[in-house]
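Right, one structure below, let's go through it.
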Amino acid sequence: EEACCGLFQEDKRLYVRANQANQMISAINMAQDLGIDNLVIVGGYDAHLITDLLKERKVAIMISSVHGLPARPDDDIDHNFKLASILSEAGVLFCLENTRRMTEMNTMNLPFHAGTCITYGLDKREAISAITLNTAKILGIEERCGSIEIGKDATLFLSEGDALDMRTNNVTKAFIQGRDLDLDNHQKFLYRKFRDKYAQ
Numbered sequence: 037e038e039a040c041c042g043l044f045q046e047d048k049r050l051y052v053r054a055n056q057a058n059q060m061i062s063a064i065n066m067a068q069d070l071g072i073d074n075l076v077i078v079g080g081y082d083a084h085l086i087t088d089l090l091k092e093r094k095v096a097i098m099i100s101s102v103h104g105l106p107a108r109p110d111d112d113i114d115h116n117f118k119l120a121s122i123l124s125e126a127g128v129l130f131c132l133e134n135t136r137r138m139t140e141m142n143t144m145n146l147p148f149h150a151g152t153c154i155t156y157g158l159d160k161r162e163a164i165s166a167i168t169l170n171t172a173k174i175l176g177i178e179e180r181c182g183s184i185e186i187g188k189d190a191t192l193f194l195s196e197g198d199a200l201d202m203r204t205n206n207v208t209k210a211f212i213q214g215r216d217l218d219l220d221n222h223q224k225f226l227y228r229k230f231r232d233k234y235a236q
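Numbering of the sequence shown is given in the numbering used here, commencing with residue 37 and proceeding in unit increments.
The structure is reproduced here in structure tokens:
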């Protein structure tokens with residue numbers, strides 16, 4: 037009982053994984069019947085079909101699998117790529133998420149998902165917000181992070197090239213709550229090892 041109390045006091049959010057329009061409508065109606073105001077749909081594949089309802093009920097979408105294949109044979113091949121642009125134009129709050137199997141690799145690729153959305157019509161500032169400030173708003177932590185402002189946690193990274201382009205992304209520094217992170221890893225170790233070996 038205590039775990040659910042925050043849902044009714046607006047302290048917590050209810051996250052529902054749903055992709056089909058009828059699933060999302062059912063979740064929205066259930067949340068309304070229960071008096072839950074902070075509903076977030078995770079997935080949202082068919083969200084473009086119900087943008088008016090999402091906007092009216094203030095339901096946020098965490099778009100999954102930007103680089104995924106279409107769910108149905110007759111869907112546009114670029115459906116996942118342009119969904120963010122459609123939701124942005126409709127005024128629906130959304131962010132990008134990519135937590136499935138192989139979470140670390142998928143999280144590493146999140147900036148490139150935002151870059152793909154730019155190619156398919158999403159404004160660059162909106163794309164950056166989709167992996168920063170919008171995400172913080174949807175999680176309810178925008179007072180602490182999501183943008184660079186006085187008083188917020190210094191959680192950010194620096195890239196020598198365009199962070200949203202896999203050809204130029206080169207993260208040189210990363211900070212979580214102001215702590216400078218060690219970006220060395222096993223892949224970089226192997227790179228150095230074999231670079232030196234074959235340079236001889």
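For glycine and all other residues, C-beta sits at the position ideal for the given N, C-alpha and C.
The structure displayed is predicted, hence computed values, not measured ones.
Item, Value
"Using three-state DSSP, classify Met202 as helix, strand or coil.", "coil"
"Using three-state DSSP, classify Leu75 as helix, strand or coil.", "strand"
"At 4 residues or longer, what runs of the alpha helix (DSSP H) sit wholly inside the region 43-128?", "57-70, 87-93 and 115-126"
"Note down, in chain order, each residue of its chain lying with its Cβ closer than 7 Å to the Cβ of Ala126, except the 5 sequence neighbours on either side.", "Thr87 and Lys91"
"Could you tell me how far apart the beta carbons of Leu75 and Ile64 are, in whole angstroms, since I believe they sit closer than 8 Å?", "6 Å"
"Could you tell me which residues DSSP pairs with Lys209 in its beta bridges?", "Leu194"
"Which same chain residues, not among the five before or five after Leu200, have their C-beta less than 6 Å away from its C-beta?", "Pro147, Ala150 and Gly151"
"With burial defined as no fewer than 16 other Cβ atoms inside 10 Å of the residue's Cβ, what is the status of Cys40: buried or exposed?", "exposed"
"Looking at Leu132 and Ile164, is the spacing between their C-beta atoms short of 7 Å?", "no"
"How many angstroms separate the CA atom of Gly157 from the CA atom of Ala235?", "44 Å"
"Would you tell me roughly how many angstroms separate the C-alpha atoms of Leu175 and Asn134, rounded to the nearest one?", "15 Å"
"Check the C-beta distance from Gly182 over to Leu169 and give it rounded, since I have them as a contact under 8 Å.", "4 Å"
"Is the distance from the Cβ of Ile77 to the Cβ of Val102 below 7 Å?", "no"
"Using 10 angstroms around the beta-carbon of Leu123, count the other beta-carbons present and answer buried if the total reaches 16, otherwise exposed.", "buried"
"Please give me, in chain order, every unbroken run of the alpha helix (DSSP H) with length at least 4 that falls completely inside the region 137-169.", "139-144, 146-155 and 160-166"
"Under a Cβ-count criterion, where at least 16 other Cβ atoms within 10 Å of its own Cβ denotes burial, should Arg222 be classed as buried or exposed?", "Here residue 222 turns out to be His, not Arg, going by the sequence shown. With fewer than 16 other Cβ atoms within 10 Å, it is exposed."
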